[in-house]
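For what it's worth, full-length UniProt numbering labels the leading residue of the sequence shown as 1, then goes sequentially.
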Amino acid sequence: MSIPNSETNNGVPYTQLPESDNDSGNTLASSCRRPKKSTFMILTGLVAFLLFFVAVKYGNNDDSDDVNPGPVPPEETVCNMLGSNLMPLTTMRTLGRGVTEGVSAKSHGHFLGARPFPWTQKMLAWQRTSFHFQPKKNWMNGPLYYKGWYHLFYQYNQEAAVWGNIVWGHAVSKDLIHWQHLPVAMVADQWYDINGVWTGSATFLPNGDLIMLYTGSTNELVQVQNLAYPADPSDPLLRKWIKYEGNPVLIPPPGIGLKDFRDPTTAWTTPEGKWRITIGSKINKTGISLVYDTIDFKNLNY
């Protein structure tokens, strides 16, 4: 029978062996080679066992105290190895973040003790949005239509691109596409908000007045609720705000942590004509919502 050359069909230089009538002889030769293979495997195993025994017996005589890993390079050397543009680790300051500064415990736990990389605005410029609103620099958070203008009041850090030093940034737009940055609307300048002018909620009263209820962090880091209103209601850009002289209008009630009383939300009314306000808090590790009602936002009932 003609056997085709596999190289022609498969492109591989391989040709099958010719058929032989002495197949029994090949079987016998193969069986004769098996004892040699078994003997070789047994000898190899014995040699491996002997080497293992010697290593265990004499390897334990080494004195581990004599091992000297060498001096640990100082941080400056490590920084030089990584690149001359990196800031030494000892000069990196851990920036404030956490529950005491109004951030959820779940959102910051893995950052505790972390040393931030010294990012610059130039490094992050490529990440800026090309359509949606964004401040010129640093950290922002959250977002009113008033006299023909859309307003964005947002949590803003003027000093860094992380949480801290919170004031109210402000921007306006006619079409929600083209935005104009305005001066900061409210700053931390009173004892009841010296550690941060935090999130608030705007409400239009029946007479058309606009008021703003917001959380402030006091000089003792107690979270309280404060009231503010426009200095000039006729100004459609709402560039200046006045803080109510009777602030704070709400303090944490008994049983509520002094640092767990923030983020008011308004705009609900009852059949009795009262406004409903809810404020975020927690008991132990369970989040809760505290509900108040009021007529004038200056006197609130729990």
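Just so it is clear, CB atoms sit at the ideal spot from N, CA and C, and this is done for glycine as well.
Check	Outcome
Pair within 8 Å by beta-carbon distance, Y150 and S130	no
Burial state of C32 (16 or more Cβ within 10 Å)	Note that C32 scores a pLDDT of 49, beneath 50, so its modelled location is shaky and nothing firm can be said.
For T278, the three-state DSSP class (helix, strand or coil)	strand
Neighbourhood of Y192 by C-beta, 7 Å cutoff - its chain only, sequence neighbours within 5 removed	G216, T218, V224, N226, N247, P248
Rounded separation between K147 and L221 - CA only	36 Å
8 Å Cβ cutoff met for I279 and F261	yes
Unbroken beta strand (DSSP E) run spanning Q155, endpoints	149-157
Same chain, Cβ closer than 6 Å to W139, neighbours up to 5 away in sequence not counted	N157, A161, V162
Member of A188, N207, H132 whose CA lies at the smallest distance from the CA of I177	H132
Within 8 Å, strictly: CB atoms of A228 and K243	yes
Three-state secondary structure assigned by DSSP to T90	For T90, the predicted structure reports a pLDDT of 47, less than 50, and the residue's modelled location is therefore unreliable. A value from the coordinates is still provided. Three-state result, T90: helix.
Check whether P233 and D209 have beta carbons under 8 Å apart	yes
Neighbour-count burial assignment, N195, 16 or more Cβ in a 10 Å radius	buried
Helix, strand or coil at L50 according to DSSP, with G and I counted as helix	helix
K243 - containing alpha helix (DSSP H), residue span	It is not in any alpha helix (DSSP H) - K243 instead sits in the beta strand (DSSP E) that spans 241-243.
Three-state class that DSSP yields for T286 in the structure shown	strand
Residue range of the alpha helix (DSSP H) that includes Q225	Run containing Q225: none in the alpha helix (DSSP H); it sits in the beta strand (DSSP E), 223-230.
Cβ-heavy atom distance, T270 to the ligand GDP, below 7 Å	In the structure on display, the ligand GDP does not appear, and there are no ligands present to speak of.
Endpoints, alpha helix (DSSP H) assigned at F124	Contrary to the premise, residue 124 reads as Leu rather than Phe in this sequence. Counting along the chain, the alpha helix (DSSP H) containing L124 begins and ends at 121-124.
Nearest-angstrom Cα separation, counted from V54 out to G45	14 Å
Endpoints, the beta strand (DSSP E) within which Y214 is located	210-217
Nonlocal neighbours in the same chain, by C-beta distance under 7 Å from V197, ignoring five residues either side	I166, V167, W168, M186, V187, A188, Y214, G216
For K136 and H181, believed in contact at Cβ under 8 Å, the rounded distance	7 Å
Where the beta strand (DSSP E) containing T129 begins and where it ends	From DSSP, T129 is part of no beta strand (DSSP E); its letter is neither H nor E.
Pair within 8 Å by beta-carbon distance, P264 and L258	no
Buried/exposed call for Q121, threshold 16 Cβ in 10 Å	exposed
Buried or exposed by the 16-neighbour rule on C-beta atoms within 10 Å, applied to S38	exposed
Proximity below 8 Å, CB of I295 to CB of K274	yes
Residue from R239, Q155, N299, Q134 whose Cα sits closest to the Cα of W179	Q134
Cβ pair D293, N301 closer than 8 Å	yes
Straight-line gap, L205 to G287 (C-alpha atoms, nearest Å)	30 Å
When E159, N284, W268 are compared against W119, the one with the closest alpha-carbon	E159
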